[in-house]
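**Q** Numbering (our numbering), first residue to last: 13 to 196.
We put the CB at the ideal spot given by N, CA and C, even for glycine.
For reference, the structure I am asking about is given below.
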Amino acid sequence: MRHDFTKRKRVILSALIVLVVADLALAAYSLQLSSAPQGPQFPALERQLKLLQAEIAREQKIKDEMPDTQRDCEEFEGSLLSTSNGYSSVSAELGGIAKKSGIQAPDLSFKPTAIPERSLTEVAVDASIQGDYKSVVLFLNGLQRSANNYEVESLTLGSDKQIQGPANMIRVALHLKTFFRTGA
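Here it is, written out as structure tokens:
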């Protein structure tokens with residue numbers, strides 16, 4: 013029995029030594045993991061976090077620039093012609109551009125649409141011009157360089173068989189848009 017007890021004692025002691033060695037090995041491994049630089053454990057979440065942070069920074073930039081944008085909009089609206097003299101100014105200006113371009117005075121028609129919340133009137137202008145190609149291009153260039161704001165929405169090009177004169181005459185139908193101030 014004594015022999016049995018010694019054997020049992022040795023088995024328990026051996027198992028205890030194995031457990032202590034395993035515990036020391038796990039402690040060393042844990043220490044190594046804690047001192048190693050940590051990489052992202054969830055790359056998809058890290059990427060999403062960076063995208064959200066970039067979006068927040070972009071939105072903050074927009075918020076910071078909002079007073080400048082508002083001031084620019086008010087300055088633009090202040091530069092628009094008034095409805096009281098806008099129609100005659102546009103007619104005179106387009107006639108002057110046509111004269112400088114060497115084309116006949118345009119036939120104009122106006123269609124106003126009120127924008128009361130902004131104290132503006134959107135004016136659709138239909139103009140019909142005719143001349144040679146170079147003159148039409150000069151007219152469009154004059155519109156672009158105008159102090160007033162014109163948006164060319166469409167142009168329809170076609171030759172007119174009924175035009176008396178040189179064979180290279182073309183007719184262009186323009187659909188423009190401009191804005192007038194309705195308030196004081």
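Just checking: is the beta-carbon of residue 116 within a distance shorter than 8 Å of some beta-carbon in chain C?
**A** In summary, chain C is missing from the structure at hand, where a single protein chain is found.
**Q** Ignoring anything shorter than 4 residues or poking outside the region 55-79, list the alpha helix (DSSP H) runs there in chain order.
**A** None, since the region 55-79 contains no complete alpha helix (DSSP H) of that length.
**Q** Could you check whether residue 169 and residue 149 sit closer than 8 Å to each other, using their CB atoms as the reference points?
**A** For the purposes of this step, residue 149 is taken as residue 137 along the sequence shown, with counting starting at 1. For the purposes of this step, residue 169 is taken as residue 157 along the sequence shown, with counting starting at 1. Not in contact: residue 149 and residue 169 (Cβ atoms no closer than 8 Å).
**Q** What's the call for residue 190, buried or exposed, on a 16-neighbour Cβ count within 10 Å?
**A** Here residue 190 refers to the residue found at position 178 when the sequence shown is read from its first residue. Buried is the call here.
**Q** Buried or exposed: where does residue 93 fall if 16 or more other Cβ atoms within 10 Å of its Cβ makes it buried?
**A** Residue mapping note: residue 93 aligns to position 81 of the sequence shown, counting from 1. So residue 93 ends up on the buried side.
**Q** Which residues in the same chain as residue 117 place their Cβ atom closer than 6 Å to its Cβ, once the five residues preceding and following it in sequence are excluded?
**A** To locate residue 117, count along the sequence shown from 1; it is residue 105. Contacts found: 107, 110.
**Q** So for residue 155, helix, strand or coil by DSSP?
**A** Stepping through the sequence shown from its first residue, residue 155 is reached at position 143. It is helical.
**Q** Output the distance between the C-alpha atoms of residue 181 and residue 145, rounded to the nearest integer angstrom.
**A** As a position in the sequence shown, residue 181 is number 169, starting the count at 1. As a position in the sequence shown, residue 145 is number 133, starting the count at 1. C-alpha separation (whole angstroms): 7 Å.
**Q** Tell me the rounded alpha-carbon separation between residue 188 and residue 167.
**A** Here residue 188 refers to the residue found at position 176 when the sequence shown is read from its first residue. Here residue 167 refers to the residue found at position 155 when the sequence shown is read from its first residue. Approximately 9 Å between the Cα atoms of the pair.
**Q** Pick from 155, 54, 33: whose alpha carbon is nearest that of residue 141?
**A** As a position in the sequence shown, residue 141 is number 129, starting the count at 1. Closest by alpha carbon: 155.
**Q** Could you check where the beta strand (DSSP E) with residue 166 kicks off and where it finishes?
**A** Walking along the sequence shown from the start, residue 166 turns up at place 154. Segment 163-170, the beta strand (DSSP E) holding residue 166.
**Q** From 78, 19, 61, 88, pick the residue whose C-alpha is nearest to that of residue 130; which is it?
**A** Along the sequence shown, read from residue 1 onward, the residue named residue 130 stands at position 118. Comparing Cα-Cα distances from residue 130 to each of 78, 19, 61, 88, the minimum goes to 88.
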